[in-house]
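Participant:
Chains as they are written, first to last, in the working numbering: chain A, 7 to 348; chain B, 7 to 348.
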């Protein structure tokens, strides 16, 4: 434990991120002060939300500065602690950074002591049992207020959060339609995740018509991960009094200076829709219950997990760039290579 | 009671409505069948929502056909009845039509037997005590969930619904900022309706900056009557977890084929906003309570009423066209001229 490898932001990202936007540097292993502890990161979460922090502009978080270590949810082991509640060897989830060793404290966003199920892979706690799964769970229940018999549409349905949303909605007795960007993803969503149908928005022609054909009575809940033209098309397919769970807007993350125009917002009045955005940390107190239910479903096989796992910290930028090009399926994550000294 | 003068749709409206889009015809006085009754209309409500029914395209209601009488809320007196609960001489509110005599029944949308306060003008029941006032009341409470101390922004704040929303929010202990399109309207909103401030969007420059200057902590509730660029600007001035009450989108009513693009919808996720549309008929059961409170406030002088009253059925199209050009202030309505035989 002498070197702390870190992925830093080498230049602000414009458009699609490229590997050269990042750099691998060697930093100091942090020393915990009073109330702090050091986490040896084991898994990094790769997720589209990170893209929003790479432009030097504030969104709901401060931007990552040039030369700053990239912020991301991780799962890791406490290796040194001056915090009374966190002891060496314990496993934690939190919004840390892409580095071997992160300094954590009560200030760490999304911080959570894990009690990993011995019969489930630890990596699941960065995705299906971590932010992706709990976001889908809380979004569908708390924001979408899903009920049995409803028709639920999920976009980016082959992705980490979307794939979980499809399965959770199905297990709650909803009829689920997934929106995806390839036929391979469509198969994953229907055959593995159990959606009733999937629509490839790149080949279906008029997306509103395609969804209407599958849901002639209208969509009760649209779990939206993408925003942009897909959201615009779905507004025309909603049922009166329907709800749109605004989880993310991937369609604009690589073009935040020129977001897609939305033209069908009149439907919000005309159909009496509710569009509601949310961020996981606001609902942090609901995470343990979500996690408990998700563990049960994964253990029983009712939820199936698809991971896109990359090994080695040095491959993190490449894996993240692939995620943002939409070429991965399932939960994108990095498993850290463990230096000998650890 | 021999002739039923009616304003019909002479041609579908494109863009700004013109007087020639309408025609005055003489139709039959309706005969009530079982369960029906005839209303002698006394006041027509003129409101932007009507614009949406004049294009031959369905929105939340069927479009008015060519040659069809224009649908509108009215206040009138029952003059003939075969309905057990409605007797001659009683006063009713309902979504009737621009005509001397309307046929009503339990199917009539928004139908409500009025018990007009003897000390208040009957005309108020078509505006401040009718759809405009109750829409503002229910929108602020049920959809906006306003609370004392909050900052509330209202657009079209000099209009029928906006003017009521400004005053209701003020009376609930909110700080109110009105958005208007002229300095004269700004004076009405601050000096008569009691808003803390008003912004003329046509002259203020950057509307987001102007609102932020007045509400540096952000806007808790935006009561939106206009949609379009004003909504887009307000999205950037909302407080996290803020709520947008989507009551109408006047900005697009004269250009429904080419609605203004909305580009800041990312703020819905980033600020965890809720945008919720609503239509009065969905909350019909809450109308009596709203009306009771509004009567009390109007009687005490805490709410001040501004009417833009036009006399004579023949002047209805002209008055409606003026409303849709944004040149009127307060509640636009028509008082019917009463034929001798009535």
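Just so you know, even glycine gets a beta-carbon here, dropped at the ideal spot from N, CA and C.
As the structure is a computational prediction, the values presented were derived from the model and not from experiment.
Run through chain A and tell me which residues come within less than 7 Å of residue 292 of chain B, C-beta to C-beta.
Facilitator: Here the premise fails: no neighbours, minimum Cβ distance about 14 Å.
Participant: State the start and end residues of the unbroken beta strand (DSSP E) segment that holds residue 251 of chain A.
Facilitator: Per DSSP, residue 251 of chain A belongs to the beta strand (DSSP E) from 244-252.
Participant: What residues from chain B crowd round residue 51 of chain A, counting only those whose CB sits closer than 7 Å?
Facilitator: The premise fails here: residue 51 of chain A is roughly 18 Å from chain B at the closest Cβ pair, so nothing lies under 7 Å.
Participant: Just list the alpha helix (DSSP H) runs in the stretch 87-153 of chain B, keeping only unbroken ones of 4 residues or longer that don't cross its boundaries, in chain order.
Facilitator: DSSP runs (the alpha helix (DSSP H)) wholly in the stretch 87-153 of chain B: 137-144.
Participant: State buried or exposed for residue 119 of chain B, treating a residue as buried only when at least 16 other CB atoms are found within 10 Å of its CB.
Facilitator: Answer is exposed; the Cβ neighbour count stays below 16.
Participant: Bridge partners for residue 51 of chain B per DSSP, in chain order?
Facilitator: Bridge partners of residue 51 of chain B: B:339.
Participant: Using only the alpha-carbon positions, how far apart do residue 127 of chain B and residue 49 of chain B sit?
Facilitator: Distance between the alpha carbons of residue 127 of chain B and residue 49 of chain B is about 11 Å.
Participant: Provide the residue span of the alpha helix (DSSP H) that contains residue 218 of chain A, from first to last.
Facilitator: Taken as a continuous stretch (DSSP letters only), the alpha helix (DSSP H) holding residue 218 of chain A covers 213-220.
Participant: In chain order, what residues of the stretch 254-270 of chain B put their CB closer than 7 Å to some CB of chain A?
Facilitator: Residues passing the 7 Å Cβ filter: 254, 255, 258, 265, 267, 268 and 269.
Participant: Along the chain, which unbroken stretches of the beta strand (DSSP E) at least 3 residues long are found entirely within the stretch 252-284 of chain B?
Facilitator: Taking only runs of at least 3 residues, the beta strand (DSSP E) segments lying wholly in the stretch 252-284 of chain B are 280-283.
Participant: Applying a beta-carbon distance threshold of less than 9 Å, which residues of chain A neighbour residue 66 of chain B?
Facilitator: Residues of chain A passing the Cβ test: 246, 275, 276, 277 and 278.
Participant: For residue 80 of chain B, which residues in the same chain have their Cβ closer than 6 Å to its Cβ, ignoring the five residues on either side in sequence?
Facilitator: Cβ neighbours of residue 80 of chain B beyond the five flanking positions: 47, 50 and 102.
Participant: Please go through the stretch 17-78 of chain B and give each complete beta strand (DSSP E) segment of 3 or more residues, from N-terminal end onward.
Facilitator: Whole beta strand (DSSP E) segments, 3+ residues: 28-33 and 43-51.
Participant: Counting along the chain, where does the alpha helix (DSSP H) carrying residue 12 of chain A start and finish?
Facilitator: Element bounds for residue 12 of chain A: not the alpha helix (DSSP H) but the beta strand (DSSP E), 10-15.
Participant: Which residues mark the beginning and the end of the beta strand (DSSP E) in which residue 310 of chain A is found?
Facilitator: Residue 310 of chain A -> no beta strand (DSSP E), and no H or E assigned at all.
Participant: Quick one: residues in its chain with C-beta nearer than 8 Å to the C-beta of residue 12 of chain B, no 5 flanking neighbours on either side, listed in chain order?
Facilitator: These residues qualify, in order along the chain: 30, 31, 32, 33, 75, 103, 104, 105 and 106.
Participant: Mind pulling the chain B residues with CB within less than 9 Å of residue 288 of chain A?
Facilitator: Chain B residues near residue 288 of chain A: 246, 247 and 278.
Participant: Check this for me: beta carbons of residue 160 of chain B and residue 185 of chain B, under 8 Å apart or not?
Facilitator: Yes, the Cβ-Cβ distance between residue 160 of chain B and residue 185 of chain B is below 8 Å.
Participant: Can you find the residues in the same chain that come closer than 6 Å, C-beta to C-beta, to residue 181 of chain B, ignoring five residues on each side of it along the sequence?
Facilitator: Cβ within range, chain order: 157 and 202.
Participant: Taking the alpha-carbon positions, what's the residue 100 of chain A to residue 83 of chain A distance?
Facilitator: One C-alpha to the other measures close to 11 Å.
Participant: Tell me where the beta strand (DSSP E) around residue 183 of chain B begins and ends.
Facilitator: Taken as a continuous stretch (DSSP letters only), the beta strand (DSSP E) holding residue 183 of chain B covers 181-186.
Participant: Quick one: grab the DSSP three-state call for residue 80 of chain A.
Facilitator: Residue state, collapsed to three classes: strand.
Participant: I'd like to know if the stretch 251-265 of chain A and the stretch 144-157 of chain A are in contact, where contact means that at least 3 CB-CB pairs between them fall below 8 Å.
Facilitator: A contact exists between the stretch 251-265 of chain A and the stretch 144-157 of chain A.
Participant: Could you tell me the distance, in whole angstroms, from the CA atom of residue 132 of chain B to the CA atom of residue 265 of chain A?
Facilitator: Computed Cα separation, rounded: 42 Å.
Participant: Cutting at 6 Å between CB atoms, please list the residues of its own chain near residue 23 of chain B, excluding the five before and the five after it.
Facilitator: Excluding positions up to five away in sequence, the list reads 327 and 330.
Participant: How many whole angstroms separate the CB atoms of residue 163 of chain B and residue 110 of chain B, which I take to be in contact at a CB cut-off of 8 Å?
Facilitator: No, residue 163 of chain B and residue 110 of chain B are not in contact; Cβ-Cβ is about 33 Å, not under 8 Å.
Participant: For residue 272 of chain B and chain A, any beta-carbon pair shorter than 8 Å?
Facilitator: Yes, because at least one Cβ of chain A sits closer than 8 Å to the Cβ of residue 272 of chain B.
Participant: Can you pull the chain B residues whose beta carbon is under 8 Å from the beta carbon of residue 284 of chain A, in chain order?
Facilitator: Within chain B, the residues near residue 284 of chain A are 275 and 278.
Participant: DSSP three-state label for residue 202 of chain B, please.
Facilitator: Residue 202 of chain B falls in the coil class under three-state DSSP.
Participant: Which residues bound the alpha helix (DSSP H) around residue 293 of chain B?
Facilitator: Here the alpha helix (DSSP H) through residue 293 of chain B covers 293-306.
Participant: Count the other CB atoms, across all protein chains shown, that sit within 10 Å of the CB of residue 219 of chain B; report buried if there are 16 or more and exposed otherwise.
Facilitator: Looking at its Cβ environment, which holds fewer than 16 other Cβ atoms inside 10 Å, residue 219 of chain B is exposed.
Participant: Thinking C-alpha only, which one of A:196, A:223, A:114 and A:236 is nearest residue 6 of chain A?
Facilitator: Given that chain A is displayed from residue 7 to residue 348, the structure contains no residue 6 of chain A and the question cannot be resolved.
Participant: On the DSSP bridge assignment, give the partners of residue 165 of chain B in chain order.
Facilitator: According to DSSP, which records beta bridges pairwise, residue 165 of chain B is partnered with B:336.
Participant: Touch check for the stretch 306-316 of chain B and the stretch 270-283 of chain B: three-plus C-beta pairs under 8 Å?
Facilitator: Too few Cβ pairs lie closer than 8 Å, so no.
Participant: So with Cβ pairs under 8 Å, would you call residue 180 of chain A a contact of chain B?
Facilitator: Closer than 8 Å: no.
Participant: Would you mind reading off the limits of the beta strand (DSSP E) that contains residue 225 of chain A?
Facilitator: Segment 225-230, the beta strand (DSSP E) holding residue 225 of chain A.
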